[in-house]
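Residue numbers for the sequence shown follow the UniProt record's numbering, so the first one is 1 and each next one is one higher.
The structure under discussion appears below in the form of structure tokens.
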Amino acid sequence: MSSALPDIISPSRLTHIVDVGASRNCGDWPYASMLNAGLCFVTGFEPGREALLELQTRCGPNERYLPFALGDGSSQTLKVCPAPGAMTSLLEPDPRTQGLFSLFDRFGRVIERVPLHTRRLDDIREIEHLDLLKIDIQGGELAVFHNGRGKLADAVAIQTEVSFITLYQHQPPFGEVDLELRRQGFIPHCIPGGVKKWVIGDFAVGDPFRPLNQILETDIVYVRDFVRPDGMTDEQLKHLAMIAHYCYGSFDLALRCVRLLEDRHAVEAGSSPRYLRLCRRTVGYKRAIWWAQYSAARLTNRLRAWANPVASADGPN
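Written as structure tokens, this is what we have:
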């Protein structure tokens, strides 16, 4: 008997993922292992011509990419910033904030303005199912959430970029995004990467780009409220388990879903012990990788401290 998670919970279809701002320049995708294993179908949105062409050229059979900019359905202007284009946004850069953090005034400079029409997430007919929404569009995320409540009613997870210090004019900060997602039935689950920190002003001792404490932005994952699971269907629980297991290594959350399914008689009796056995093998493998990454990070920090003795000596005790 196979012990892979799909064999244990038997979802009726592939997990459907919507990626808004799907450019490959944004780093590794959390769903890469699912996509490579043929366990999900991805619909990506990328209005940038070059980024869209790259995505469409390299996409596989379970991927499609659409040239739409998501928002509130109105006509707006895309503010294009220099390569690599990470600051390109529908919002206007805030010169006060960007001028306070080194380098932002350089790669946050608008070099072109492109008129475009945005589409509401709820109006995208191509999206039949939505289980995980991944979104990173430089401050425009809240408008997508406001105009996608119908599609998001079926979603079980959202990974979004949030800003603690806003870099654009009229950009909603983390608190506003958090309140909206909680209203839609989601709760914070994890921060899959690091929290980006930045040096305030022109302070420089040792490494001028080594941040101190000021947090700037991060990606955060919200999931459907598993504390009150009665509002989730069996299929939603199955896809939440798939996303938790494959995208984020949240084996405890996946086990919670499997146990709820077992209580509902939606999976075979004994599915929870089967999943735990799977976890023991998977976690052992991931722990070895984590230890290697942790050791490498410690070595990097020691080398940095050796290279910048003044910064290390004058830092907080």
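From the three backbone atoms N, C-alpha and C, an ideal C-beta is built for every residue, glycine too.
Exposure of Pro30, with buried meaning 16 or more beta-carbon neighbours within 10 Å: Locating residue 30 in the sequence shown gives position 30, counting from the first residue. Buried.
Measuring alpha carbon to alpha carbon, tell me which of Tyr246, Glu63, Lys134 and Gly99 ends up nearest Phe41. Sequence index remark: in the sequence shown, residue 41 carries index 41 (1-based). The residue with the shortest Cα to Cα distance from Phe41 is Glu63.
Can you give the beta carbon distance from Val195 to Ile215, rounded, assuming they're within the 8 Å contact cut? Numbered from its first residue, the sequence shown carries residue 195 at position 195. Numbered from its first residue, the sequence shown carries residue 215 at position 215. With a Cβ gap of about 5 Å, Val195 and Ile215 count as contacting.
Between the Cα of Leu303 and the Cα atoms of Leu240, Arg277 and Asp207, which residue gives the shortest distance? If you number the sequence shown from 1, residue 303 lands on position 303. Of Leu240, Arg277 and Asp207, the residue nearest in Cα terms is Asp207.
Can you check which of these residues, Ile135, Phe45 and Thr15, is closest to Asn36 by C-alpha distance? Translated into the one-based positions of the sequence shown, residue 36 becomes position 36. Asn36 has its Cα closest to that of Thr15, out of Ile135, Phe45 and Thr15.
Could you check the C-alpha separation between Cys190 and Ala143 for me, to the nearest Å? Taking the sequence shown and counting its residues from 1, the one referred to as residue 190 is at position 190. Taking the sequence shown and counting its residues from 1, the one referred to as residue 143 is at position 143. Going by C-alpha positions, Cys190 is about 22 Å away from Ala143.
Put Phe76 into one of helix, strand or coil per three-state DSSP. In the sequence shown, residue 76 corresponds to position 76, counting from 1. Reading off the sequence, residue 76 comes out as Gln, not Phe. Looking at Gln76 - three-state DSSP - the assignment turns out to be strand.
Taking Glu262 as part of the beta strand (DSSP E), name the residues at either end of that continuous run. The residue labelled residue 262 in the question sits at position 262 within the sequence shown. Segment Phe251 to Asp263 is the alpha helix (DSSP H) holding Glu262; no beta strand (DSSP E) there.
Boundaries of the alpha helix (DSSP H) in which Glu92 is found, first to last residue: Here residue 92 refers to the residue found at position 92 of the sequence shown. Here Glu92 belongs to no alpha helix (DSSP H), and DSSP marks it neither H nor E.
Buried or exposed for Ser33, going by 16 or more other Cβ atoms inside 10 Å? Translated into positions along the sequence shown, residue 33 becomes position 33. Ser33 is exposed by the Cβ-count criterion.
Between the Cα of Thr282 and those of Glu268, Glu262, Arg125 and Tyr246, spot the shortest distance and give me the residue it belongs to. Taking the first residue of the sequence shown as position 1, residue 282 is located at position 282. Here the closest residue by C-alpha is Tyr246.
Say whether the stretch 94 to 106 touches the stretch 134 to 151, bearing in mind that this needs 3 or more beta-carbon pairs closer than 8 Å, one atom from each stretch. no
Buried or exposed: which applies to Gly21, given that a residue is buried once 16 or more other Cβ atoms fall within 10 Å of its Cβ? As a position in the sequence shown, residue 21 is number 21, starting the count at 1. Buried, by the Cβ-count rule.
Measure the CB-CB distance between Leu278 and Leu5 and report whether it falls below 8 Å. By 1-based counting over the sequence shown, the position of residue 278 is 278. By 1-based counting over the sequence shown, the position of residue 5 is 5. It is a contact, given that the beta carbons lie within the stated cut-off.
For Pro172, does the count of other Cβ atoms within 10 angstroms reach 16, so buried, or fall short, so exposed? The residue you call residue 172 lines up with position 172 of the sequence shown. That one is buried.
Taking only the alpha-carbon atoms, compute the straight-line gap between Lys197 and Arg113 and give it to the nearest angstrom. Here residue 197 is taken as the residue at index 197 of the sequence shown, counted from 1. Here residue 113 is taken as the residue at index 113 of the sequence shown, counted from 1. If you take the alpha carbons of Lys197 and Arg113, they lie about 29 Å apart.
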